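Just so we're aligned, residue 0 is where the sequence shown starts under numbering that gives the first Met the number 0, counting upward by one. Every residue gets a Cβ at the ideal spot worked out from N, C-alpha and C, and that includes glycine. Because the structure is a prediction, the values reported are computed rather than measured.
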Amino acid sequence: MITIVGAGKVGSSAAFNILGRRISDVVLIDVVENVAVGEALDMMQAAPAIEFDGKIKGTSDFSEMKGSELVIVTAGLARQPGMSRIDLVNKNAKIVKSVVKEVVKYAPDCKLMIVTNPVDVMTHVAYKESGFERNRVFGMGNILDTLRFRSYLAMELGVSREDIRALVIGEHGDSMVPLVNFASVSGIPVSTLLRKEQIDKIVGLTKTSGADVIKLKGSTIYAPAAVIAIMADAVLRDRNRVMSVSTYLQGEYGLSNVSIGVPCVLGKNGVERILELKLDSEAKRAFEESASIIKDAITKMDETV
Ligand code: NAI
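So, in structure tokens, the structure goes:
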């Protein structure tokens with residue numbers, strides 16, 4: 000069973016994706032009970048059309064998460080147009096801490112996936128607050144960035160999105176690092192197919208892609224929800240998928256005491272392994288700069304929360 004805490008736009012849409020892909024039953028929890036109950040009812044009524052039999056329950060009772068294999072946290076404020084994800088730090092840290100307390104109480108053996116932004120800082124907060132082993136606490140951010148990177152590369156190349164392989168690491172935020180040297184079309188390096196100006200444009204679009212959607216319609220929903228379902232599938236079905244997720248580093252990449260996006264093997268225990276890449280000097284510098292931005296936000300937050 001999966002519990003999603005936060006039945007807002009992202010949480011409810013993720014629940015619907017998980018049910019529709021027949022990954023698991025879902026409990027949807029929100030402090031606003033009517034919202035969670037109403038979303039669940041709406042999804043249940045769609046089941047015959049989408050053809051899923053999974054159970055969905057909406058509630059504000061946190062004890063309903065008992066027995067969950069995976070708890071996904073999407074509770075918290077979302078950024079408004081013009082805001083950066085980091086601007087949400089203090090308010091969302093309080094919410095995430097309070098949710099994690101409930102998780103420790105009712106689902107102490109679960110894997111804990113954080114979605115609330117700024118996701119790397121919130122993953123760090125959740126890891127510290129939970130006391131769980133680090134493999135069980137991870138954040139969703141860079142896979143979404145990677146999907147966006149892949150989509151823009153496919154558009155520019157005029158090829159199927161499916162054939163693009165790519166990787167984004169670092170902060171799920173303005174300092175993210177799309178790794179051009181690791182991007183390929185069915186194994187063909189994109190750097191051999193595109194000019195530098197084209198690649199620079201795509202990297203720029205990838206970095207602003209979330210803000211671009213928020214500017215137009217206020218929030219991002221479908222892409223994050225789809226990514227949450229992919230990660231849930233990797234854990235529930237023990238698929239050992241290789242994905243860039245936010246995880247707490249203890250010496251990997253020469254960094255410690257920071258949660259940041261790096262490629263990992265994601266399976267039934269959460270982060271089964273962290274994969275260390277050999278980065279070129281430019282990517283290494285950008286990745287370390289990204290880590291220092293997250294660390295800075297963590298330090299500033301500690302003073303106020
Ligand atoms: P939303 O405002 O639609 O939903 C948030 C929900 O959280 C609301 O229903 C609210 O009642 C609930 N909530 C607040 N405090 C709670 C608590 N203590 N316990 C349970 N529920 C609580 O926001 P939306 O658009 O769904 O975004 C949710 C979060 O996800 C935001 O922080 C947003 O920035 C983040 N996000 C992260 C992404 C990522 O890639 N990591 C992508 C998209 C959004």
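Between residue i and residue j, what straight-line distance do the alpha-carbon atoms span, to the nearest angstrom?
| i | j | result |
| --- | --- | --- |
| Lys100 | Met112 | 14 Å |
| Ile163 | Pro262 | 17 Å |
| Asp41 | Val270 | 33 Å |
| Ser183 | Val189 | 5 Å |
| Ala282 | Met242 | 18 Å |
| Met305 | Val25 | Absent from the structure is residue 305, since the part of the chain shown begins at 0 and ends at 304. |
| Arg240 | Val264 | 5 Å |
| Ala210 | Pro80 | 7 Å |
| Arg21 | Leu204 | 33 Å |
| Leu274 | Arg133 | 15 Å |
| Leu278 | Phe181 | 10 Å |
| Ser289 | Lys299 | 16 Å |
| Leu215 | Gly7 | 19 Å |
| Arg135 | Tyr247 | 10 Å |
| Gly253 | Phe286 | 11 Å |
| Ile198 | Val179 | 8 Å |
| Gly37 | Met82 | 30 Å |
| Tyr221 | Arg284 | 32 Å |
| Glu196 | Arg160 | 20 Å |
| Val98 | Tyr151 | 35 Å |
| Lys200 | Ile49 | 38 Å |
| Thr219 | Ala35 | 19 Å |
Please find out if some non-hydrogen atom of the ligand NAI comes closer than 6 Å to the beta-carbon of residue i.
| i | result |
| --- | --- |
| Gly75 | yes |
| Ile55 | no |
| Asp29 | yes |
| Thr122 | no |
| Pro223 | yes |
| Ala228 | no |
| Ile213 | no |
| Lys8 | yes |
| Gly5 | yes |
| Ile94 | yes |
| Leu143 | yes |
| Asn239 | no |
| Thr219 | yes |
| Ser83 | no |
| Asn116 | yes |
| Met242 | no |
| Gly140 | yes |
| Ser159 | no |
| Ser67 | no |
| Ser258 | no |
| Ser129 | no |
| Ser174 | no |
| Ser97 | yes |
List the whole-angstrom C-beta distance separating residue i from residue j, where the pair is believed to meet the contact cut-off of C-beta under 8 Å.
| i | j | result |
| --- | --- | --- |
| Val102 | Met121 | No, Val102 and Met121 are not in contact; Cβ-Cβ is about 13 Å, not under 8 Å. |
| Lys305 | Ala39 | Here the chain has residues from 0 to 304 only, and residue 305 is not among them. |
| Ser67 | Thr145 | In fact, because the Cβ distance is near 27 Å, the residues do not count as touching under 8 Å. |
| Gly75 | Gly5 | 7 Å |
| Ala224 | Ala13 | 4 Å |
| Asp52 | Ser245 | Wrong, their Cβ atoms sit about 33 Å apart, outside the cutoff. |
| Val257 | His123 | 7 Å |
| Phe61 | Tyr105 | 6 Å |
| Thr58 | Val9 | In fact, because the Cβ distance is near 18 Å, the residues do not count as touching under 8 Å. |
| Ala231 | Ile71 | 7 Å |
| Gly260 | Asn141 | 3 Å |
| Val167 | Phe148 | 6 Å |
| Leu69 | Leu192 | In fact, because the Cβ distance is near 38 Å, the residues do not count as touching under 8 Å. |
For the alpha helix (DSSP H) holding residue i, just list the boundary residues, first then last.
| i | result |
| --- | --- |
| Ser255 | That residue, Ser255, is in no alpha helix (DSSP H); its beta strand (DSSP E) goes Ser255 to Gly266. |
| Met154 | Asn141 to Leu156 |
| Phe15 | Lys8 to Gly19 |
| Thr205 | Lys195 to Lys216 |
| Thr122 | Val118 to Ser129 |
| Ser97 | Val88 to Tyr105 |
If you follow the beta strand (DSSP E) that residue i is part of, which residue opens it and which one closes it?
| i | result |
| --- | --- |
| Pro220 | Position check: residue 220 holds Ile in this sequence, whereas Pro was assumed. Run containing Ile220: none; DSSP gives neither H nor E here. |
| Gln79 | Careful: Gln79 lies outside any beta strand (DSSP E) and carries neither H nor E. |
| Val34 | No beta strand (DSSP E) holds Val34; the alpha helix (DSSP H) holding it covers Glu32 to Ile49. |
| Gly269 | Gly269 to Ile273 |
| Arg236 | From DSSP, Arg236 is part of no beta strand (DSSP E); its letter is neither H nor E. |
| Gly57 | Ile55 to Thr58 |
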